[in-house]
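Engineer: Mapping of the sequence shown onto the numbering used here: residues 1 to 300, in sequence order. Below is the structure I would like to discuss, written out as structure tokens.
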Amino acid sequence: MAGRKKKKQSIEKLKVSDKKKSINGSRAGDVCIFIFLVLLGAFMVFPLYYSVIQSLKPVEELFVFPPKLYVINPTGRNFSDMFRVAANSWQVPLSRYIFNSFFITIVICGANLFVCCCAAFVLSKCRFPGDKFINQVIVLALLFASNATWIMQFMVMAKLRMIDTYWALILPSISTSIGLYLMRQSMSTIHDAMVEAAKVDGASLFRICWQIVVPNSKPALMTLIIFAFQGAWNMQGGALIYSEELKTLPTVVQQISAAGLARQGVTFASSVVLLIPPLLVFLVAQGNVMETMANSGMKD
């Protein structure tokens with residue numbers, strides 16, 4: 001009898017292990033999901049691969065038809081020409097444009113984190129008249145594209161006499177609706193008992209926000225860093241910046257690409273350089289993105 005029970009238990013364990021190995025309930029379904037994910041990943045990686053390949057091609061290979069997805073004679077001349085063109089065309093060294101981009105990006109990311117965290121804490125953990133209305137306004141603000149407010153931003157910056165300054169790029173970007181929404185949704189999942197216990201201990205709201213609530217919202221915080229960094233790094237300035245010394249690196253890339261077909265290799269090289277910082281930030285913080293998106297879909 002004991003031997004039969006052991007055999008039954010071993011058979012049940014094998015069945016359970018077989019079920020755990022299968023994600024979709026069948027091996028055929030697992031294979032289909034795997035193939036779909038591989039194709040989807042290749043589709044997403046292809047633009048990055050194509051940009052790197054094009055940046056390594058000499059001029060005579062850039063306009064070959066049909067286009068080739070590999071390099072016959074790889075060269076790094078496009079990158080050296082990028083530094084030479086940027087330094088000689090507008091009498092401003094390339095390092096100045098790089099400094100402008102990093103300075104504006106770092107300031108915007110820091111200000112965005114501070115403002116969004118403080119505002120999200122108040123909207124999620126403090127009760128006051130009109131808080132639900134403000135939360136609905138934030139949700140509605142997600143429907144509007146950022147370029148819908150360009151004219152109003154220009155008018156405000158002109159009234160404040162901040163045109164052609166760093167502030168013209170920094171002030172309109174210190175807070176975003178998507179960042180505020182993600183932080184509010186994440187902070188709303190934290191139990192109010194923690195906040196009440198901190199109040200009993202005599203902690204101020206500012207201390208509760210930055211020492212209790214924000215550390216427990218790390219996934220949303222990392223996602224906000226990705227969004228803020230990407231938006232600030234790709235900022236061009238448009239009609240807000242006119243001085244060549246204040247322009248950012250994406251603006252210079254746009255000016256180079258407008259020179260014609262002869263500088264297409266330099267344009268691809270510049271695009272690869274612009275991809276590196278956001279890609280590094282995403283690789284560092286990407287592990288927290290999925291958890292944040294799951295929490296952002298929770299209802300109030």
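From the three backbone atoms N, C-alpha and C, an ideal C-beta is built for every residue, glycine too.
#1: So the candidates are Ala-168, Arg-184, Met-162; which of them puts its Cα closest to the Cα of Lys-132?
#2: What residue range does the alpha helix (DSSP H) around Phe-102 cover?
#3: For Phe-29, name the three-state secondary structure that DSSP assigns.
#4: Going by DSSP in three states, Asn-234 sits in which element: helix, strand or coil?
#5: Would you kindly check if the distance between the Cβ of Ala-269 and the Cβ of Ile-100 is under 7 Å?
#6: With DSSP collapsed to three states, give me the class of Gln-91.
#7: Would you kindly check if the distance between the Cβ of Leu-249 and the Cβ of Ala-220 is under 7 Å?
#8: Could you check if Leu-283 is buried or exposed, using at least 16 other CB atoms within 10 Å of its CB as the buried criterion?
#9: Can you tell me whether DSSP reads Ile-174 as helix, strand or coil?
#10: Evaluate Arg-161 with the Cβ neighbour count: other Cβ atoms within 10 Å of its Cβ, from every protein chain shown; 16 or more gives buried, anything less gives exposed.
#11: Could you pull the start and end residues of the alpha helix (DSSP H) that Ala-198 belongs to?
#12: Rounded to whole angstroms, what's the CA-CA distance from Leu-280 to Val-52? Just pull it up for me.
#13: Determine the direct distance from the alpha carbon of Asn-216 to that of Ile-190, and round the result to whole angstroms.
#14: Along the chain, where does the alpha helix (DSSP H) containing Phe-139 start, and where does it finish?
#15: Taking Cys-116 as the reference, which of Gly-237, Ser-204, Ser-177, Asp-201 has the closest Cα?
#16: If you follow the alpha helix (DSSP H) that Arg-263 is in, where does it begin and where does it stop?
#17: Is the beta carbon of Val-266 sitting closer than 7 Å to the one on Ile-276?
#18: Counting C-beta neighbours from all protein chains within 10 Å, is the total for Leu-169 16 or more, i.e. buried, or is it exposed?
#19: With H, G and I counted as helix, E and B as strand and the rest as coil, what does DSSP make of Ile-212?
#20: Have a look at Met-187, Met-222, Gln-91, Val-272 and flag the residue whose alpha-carbon is nearest the alpha-carbon of Asn-234.
#21: On the DSSP letters alone, give me the boundaries of the alpha helix (DSSP H) that Lys-247 sits inside.
#22: Answer with buried or exposed for Ala-145, where buried requires no fewer than 16 other C-beta atoms within 10 angstroms of its C-beta.
#23: Only counting the same chain, and skipping five residues up and downstream in sequence, which positions put a Cβ closer than 7 Å to that of Cys-109?
#24: If we ignore side chains and look at the alpha-carbon of each, how far apart do Met-157 and Arg-207 end up?
#25: Between the Cα of Leu-48 and those of Pro-278, Glu-244, Ile-174, spot the shortest distance and give me the residue it belongs to.
#26: Do the CB positions of Leu-94 and Phe-83 come within less than 7 Å of each other?
#27: Suppose the cutoff is 8 Å on Cβ atoms and the five residues either side in sequence are ignored; what does the same chain contact list for Ile-314 look like?
#28: Measure from the C-beta of Phe-65 to each C-beta in chain C and report whether the shortest distance is under 7 Å.
Structural biologist: The short version:
#1: Indexing the sequence shown from 1 puts residue 132 at position 132. Comparing Cα-Cα distances from Lys-132 to each of Ala-168, Arg-184, Met-162, the minimum goes to Arg-184.
#2: Looking up residue 102 in the sequence shown gives position 102. Element bounds for Phe-102: 94-125.
#3: The sequence position of residue 29 within the sequence shown is 29, counting from 1. The amino acid occupying residue 29 in the given sequence is Gly; Phe does not appear at that position. Note: Gly-29 maps to helix in three-state DSSP.
#4: Numbered from its first residue, the sequence shown carries residue 234 at position 234. Here DSSP, grouped into helix, strand and coil, assigns Asn-234 to coil.
#5: In the sequence shown, counting from the first residue as 1, residue 100 sits at position 100. In the sequence shown, counting from the first residue as 1, residue 269 sits at position 269. A small fix is needed here, since residue 100 is Asn in this sequence, not Ile. Going by C-beta atoms, Asn-100 is not nearer than 7 Å to Ala-269.
#6: Against the sequence shown, residue 91 aligns to sequence position 91. Coil, per DSSP.
#7: By one-based count along the sequence shown, residue 220 stands at place 220. By one-based count along the sequence shown, residue 249 stands at place 249. In this structure, Leu-249 does not lie closer than 7 Å to Ala-220 by Cβ.
#8: Residue numbering aside, residue 283 sits at position 283 when the sequence shown is read from its first letter. It counts as exposed.
#9: As a first step, residue 174 is located in the sequence shown; it is residue number 174 there, counting from the start. Reduced to three states, the DSSP call for Ile-174 is coil.
#10: As a first step, residue 161 is located in the sequence shown; it is residue number 161 there, counting from the start. When all chains shown are included, Arg-161 counts as exposed.
#11: What you label residue 198 is simply residue 198 of the sequence shown in a count that begins at 1. Per DSSP, Ala-198 belongs to the alpha helix (DSSP H) from 192-200.
#12: On the sequence shown, position 280 is the one that residue 280 refers to. On the sequence shown, position 52 is the one that residue 52 refers to. Computed Cα separation, rounded: 16 Å.
#13: Counting from one through the sequence shown, the residue named residue 190 turns up at place 190. Counting from one through the sequence shown, the residue named residue 216 turns up at place 216. Rounded to the nearest angstrom, the two C-alpha atoms are 8 Å apart.
#14: Taking the first residue of the sequence shown as position 1, residue 139 is located at position 139. Rather than Phe, the amino acid found at residue 139 in this sequence is Val. Taken as a continuous stretch (DSSP letters only), the alpha helix (DSSP H) holding Val-139 covers 131-141.
#15: The residue given as residue 116 occupies position 116 in the sequence shown. With distances taken between Cα atoms, Cys-116 lies closest to Ser-177.
#16: Counting from 1 along the sequence shown, the entry for residue 263 is found at position 263. Careful: Arg-263 lies outside any alpha helix (DSSP H) and carries neither H nor E.
#17: Here residue 266 is taken as the residue at index 266 of the sequence shown, counted from 1. Here residue 276 is taken as the residue at index 276 of the sequence shown, counted from 1. Taking 7 Å as the Cβ cut-off, Val-266 and Ile-276 do not qualify as a contacting pair.
#18: Mapped onto the sequence shown, residue 169 falls at position 169. It counts as buried.
#19: As a working mapping, residue 212 is identified with position 212 in the sequence shown. The answer is helix: DSSP assigns Ile-212 an H, G or I state.
#20: Position 234 of the sequence shown, counted from the first residue, corresponds to residue 234. Of the candidates Met-187, Met-222, Gln-91, Val-272, the one whose C-alpha sits nearest the C-alpha of Asn-234 is Val-272.
#21: One-based indexing of the sequence shown puts residue 247 at position 247. Element bounds for Lys-247: n/a, residue is neither H nor E.
#22: Stepping through the sequence shown from its first residue, residue 145 is reached at position 145. Exposed: under 16 other Cβ atoms inside 10 Å.
#23: Locating residue 109 in the sequence shown gives position 109, where the first residue counts as 1. Correct list, in chain order: Ile-225, Ala-228, Phe-229, Ala-232.
#24: On the sequence shown, position 157 is the one that residue 157 refers to. On the sequence shown, position 207 is the one that residue 207 refers to. Straight-line measurement puts the Cα of Arg-207 at about 33 Å from the Cα of Met-157.
#25: Position 48 of the sequence shown, counting from 1, holds the residue named residue 48. Among Pro-278, Glu-244, Ile-174, the Cα nearest to that of Leu-48 is on Pro-278.
#26: Sequence index remark: in the sequence shown, residue 94 carries index 94 (1-based). Sequence index remark: in the sequence shown, residue 83 carries index 83 (1-based). For Leu-94 and Phe-83, yes; Cβs fall inside 7 Å.
#27: Given that the chain is displayed from residue 1 to residue 300, the structure contains no residue 314 and the question cannot be resolved.
#28: The structure shown contains no chain C; it is built from a single protein chain.
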